[in-house]
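This note's numbering applies: residue 15 is where the sequence shown begins, and numbers increase by one.
All residues carry an ideal CB built from backbone N, CA and C; glycine is no exception.
Notes follow once the structure below has been shown.
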Amino acid sequence: MKSIRKLGLSSDIALLAVILLLVEFVRGATVLSFIPIFGEKELGITLGIIGTAITAHYLTDTVLKIFIGYLLDRFSSKLIVICGLIISLGGIGMFYWGNNPWIFVLASAIYGVGMSPVWLVCLTKVNTEQRAAQMGFLYTIWLVGMGAGPVVLNVVLDYTPHLAYALLLGLTAIALALSFFLPRGKNSGESATPVPFKEQFAVLRERLSAMKPLLPGMILQTLGASMLVPILPKFTEQFLSLSSGQYSLLLLIGGGCTVIGLVPMGKWSDRVGRKPFLIVGFAIFGLTLASLSMKPGVLMAYGLAVILGISYAAVLPAWNALLALYVPPAQKGLGWSLLSTVENIGVLIGPVVGGLIAEAFSVSAVIWFSAGLFSIIAIVYWLFPSRWFAER
15 MKSIRKLGLS SDIALLAVIL LLVEFVRGAT VLSFIPIFGE KELGITLGII
65 GTAITAHYLT DTVLKIFIGY LLDRFSSKLI VICGLIISLG GIGMFYWGNN
115 PWIFVLASAI YGVGMSPVWL VCLTKVNTEQ RAAQMGFLYT IWLVGMGAGP
165 VVLNVVLDYT PHLAYALLLG LTAIALALSF FLPRGKNSGE SATPVPFKEQ
215 FAVLRERLSA MKPLLPGMIL QTLGASMLVP ILPKFTEQFL SLSSGQYSLL
265 LLIGGGCTVI GLVPMGKWSD RVGRKPFLIV GFAIFGLTLA SLSMKPGVLM
315 AYGLAVILGI SYAAVLPAWN ALLALYVPPA QKGLGWSLLS TVENIGVLIG
365 PVVGGLIAEA FSVSAVIWFS AGLFSIIAIV YWLFPSRWFA ER
């Protein structure tokens, strides 16, 4: 609790952080393990359909972001989180009939409905004085869940797929139960009288116009990362010759290094500035990713996972602190939802593009393409003037 207070976070964030941890654990387990591994090995679904299912999940998540953000500025965040998790629980339940590929895709889409509210509520609680450090804390919670989910589910899937499904269902139900204990009331930072949507959108349009040079990077970086999702298990099996246990350890090492590095990197970014972290972080990430496609040994692959994790930890707090500069204080829900929607354009098309490239060429081609995108982003940010990354 003391460490939370040092970061300037209110006490009620603790329960929300637990819910976020459970939600992201299930999301990571579902998107990174259950859909690609269970879909291919148990149901015989092609990589193209798997990519479509992952995109369907992020499509509903993205499309609803602006609508949910608007509601968060007007209604109780508790009610919105509860409704979202109820719908997500229904989506998880539909995976029971996942032997039909299109029901599998539909279940993934419905499951994506409840993901946006929890994360957006967390973002609205970030204050201006310690943006990157608080972002680091939130991303620590997010990454612990996202990283632990696939690691645990990979182990469970080796024994019984039915237990893996029950785990996803049970943890989602626990998150829903905990959400009933969230405090009532709207989010902090809202105006006493709700601003009409037309006026809110006009302000946000001005903010987006001011950050136009950053928009391509927002899309490309999420595109590069999401392309890897449907092919990562197969890539580690074919090109790195890793067993399920070794793949889980690889995820654990990379995710662990990111988690350890997030808060200190966030504090460092608050002091030094955002631009150096974004340039160096994306450049190292792209080069290290390309190195993985050269069939390194197991120990070398683990070493590269450490570098990937640290570079990711350098990028995340700095990037989201940069986005926070463009969110109007009185419209945090709608502002964050709009920026997240722009970011998620890359997430929407990435899994489909990754799956199609893998089917047309090879899974290693997806790795090279993604590495190239991250390297281009680093070069573009290096060429941008420093004023785009400073307080405005």
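Counting every other CB atom within 10 Å of its CB across the protein chains shown gives Val286 a total below 16, marking it as exposed. By the neighbour-count definition (other C-beta atoms within 10 Å, threshold 16), Ser91 is a buried residue. Runs of the beta strand (DSSP E) spanning 3 or more residues and lying entirely within the region 217 to 289 do not occur at all. The residues Ala392, Tyr395 and Trp396, in chain order, have a CB closer than 8 angstroms to that of Ile293 in the same chain once the five nearest residues on each side in sequence are set aside. With 16 or more neighbouring CB atoms inside 10 Å of its own CB, Thr186 falls in the buried class.
CA-to-CA, the gap between Ile124 and Gly105 works out to about 5 angstroms. Across the structure, Ala28 and Phe375 are spaced so that their CA atoms are roughly 46 angstroms apart. Taking C-beta separations shorter than 6 angstroms and ignoring five residues to either side along the sequence, the partners of Ala304 in its chain run Ala385, following chain order. DSSP places Trp111 in no alpha helix (DSSP H); its state is neither H nor E. About 16 angstroms separates the beta carbon of Leu330 from that of Leu237, a gap too long to meet the 8 angstroms contact definition. With respect to Ile100, Leu190 sits close: the two C-beta atoms are nearer than 8 angstroms. Cβ-Cβ distances below 8 angstroms link Ile233 to Val356, Glu357, Ile359 and Gly360 in the same chain, with the five nearest sequence neighbours on each side left out; the list follows chain order. In chain order, Val132 and Ala189 place their CB closer than 6 angstroms to the CB of Val37, counting only its own chain and leaving out the 5 sequence neighbours on each side.
Cβ contact annotation for Tyr316 (same chain, cutoff 6 angstroms, sequence separation greater than five): Ile267, in chain order. Pairing Leu181 with Val170 gives a Cβ-Cβ distance under 8 angstroms. Closest in C-alpha terms to Val243, from the list His71, Asp172 and Leu337, comes His71.
With fewer than 16 other Cβ atoms inside 10 Å of its own Cβ, Thr174 counts as exposed.
A Cβ-Cβ distance of about 34 angstroms is found for the pair Ser378 and Ala335, leaving them out of contact under the 8 angstroms criterion. In this structure, Thr66 and Val119 form a Cβ contact; the two beta carbons are roughly 6 angstroms apart against a cut-off of 8 angstroms.
Minimum Cα-Cα distance from Ile390 among the listed residues Ala297, Phe39 and Arg88 corresponds to Ala297. Comparing alpha carbon positions, the residue from Phe291, Tyr110 and Gly98 closest to Leu78 is Gly98. The continuous stretches of alpha helix (DSSP H) do not include Thr174, and DSSP gives it neither H nor E. Excluding residues up to 5 positions away in sequence, Val377 lie with their Cβ nearer than 7 angstroms to the Cβ of Lys248 in the same chain. A direct Cα-to-Cα measurement between Pro365 and Asn114 gives close to 20 angstroms. Around the beta-carbon of Gly126, 16 or more other beta-carbon atoms lie within 10 Å, marking it buried.
When DSSP states are grouped into helix, strand and coil, Pro197 belongs to the coil group. The alpha-carbon of Phe291 is positioned some 34 angstroms away from that of Ser122. Annotation for Val166: Ala43 place their beta carbon closer than 7 angstroms to its own, counting only its chain and skipping 5 residues before and after.
Per the coordinates, the alpha-carbon of Leu34 lies some 34 angstroms from the alpha-carbon of Phe398. Counting along the chain, Phe388 sits inside the alpha helix (DSSP H) bounded by residues Val377 to Leu397. Between Gly163 and Phe39, the C-beta spacing is below 8 angstroms. Note on the region 46 to 122: whole alpha helix (DSSP H) runs with a minimum of 4 residues are 61 to 86 and 91 to 108, in chain order.
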